[in-house]
Amino acid sequence: MAEYIEREAAIRTAVEAVDAGLATTSGDLAEIRDDIPAADVAPVQHGRWLKNERFKQKCRKCSECGFPSYFEFNHCPNCGAKMDGRKEDG
Ligand SMILES: [Zn+2]
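Here this note's numbering runs 22 ahead of the position in the sequence shown, where the first position is 1.
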């Protein structure tokens, strides 16, 4: 599984290593990379609003969890999917 780091933490760790005299070359910096804490991130789930045939009015549903909504939010209020997928006509 991929690990991610925060830019600020990486820069801070590198600057501290150089200031402390622990790193003077790119090889030194490569060796301290394990000292940089992993960032707490989750993969982004992508979805889109689909036609919802269960309702007569203009209701949509989330492509990922089926949550019905009359509004096309940027994120599904139920599962949190980022609604940036291709829109279906209608
Ligand atoms: Zn959803």
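Don't be surprised by glycine CBs; every beta carbon is placed ideally from N, CA and C. Treat the numbers as computed from the prediction; the structure is a model and nothing was measured.
Buried or exposed: residue i, going by 16 or more other Cβ atoms within 10 Å of its Cβ?
{"i": "K80", "result": "exposed"}
{"i": "A64", "result": "exposed"}
{"i": "R55", "result": "exposed"}
Ignore the nearest five residues each way along the sequence and tell me which others in residue i's own chain have a CB closer than 7 Å to its CB.
{"i": "P59", "result": "A31"}
{"i": "C98", "result": "G69, C84, E86, C87, F89, M105"}
{"i": "E53", "result": "none"}
{"i": "I33", "result": "none"}
Pick from the options: whose alpha carbon is nearest that of residue i?
{"i": "E25", "options": "V66, S48, D62", "result": "D62"}
{"i": "W71", "options": "G49, F95, E28", "result": "F95"}
{"i": "A103", "options": "D50, R76, K73, V66", "result": "V66"}
Would you report the Cα separation of residue i and residue j, rounded to the nearest angstrom?
{"i": "D57", "j": "T46", "result": "16 Å"}
{"i": "M23", "j": "K78", "result": "44 Å"}
{"i": "G43", "j": "T35", "result": "12 Å"}
{"i": "R29", "j": "G107", "result": "28 Å"}
{"i": "C101", "j": "I27", "result": "25 Å"}
Can you name, in chain order, every residue of its own chain whose Cβ lies under 6 Å from the Cβ of residue i, other than the five neighbours on each side?
{"i": "S91", "result": "R82"}
Tell me which same chain residues have a C-beta within less than 8 Å of the C-beta of residue i, skipping the five on either side of it?
{"i": "D50", "result": "A39, L44"}
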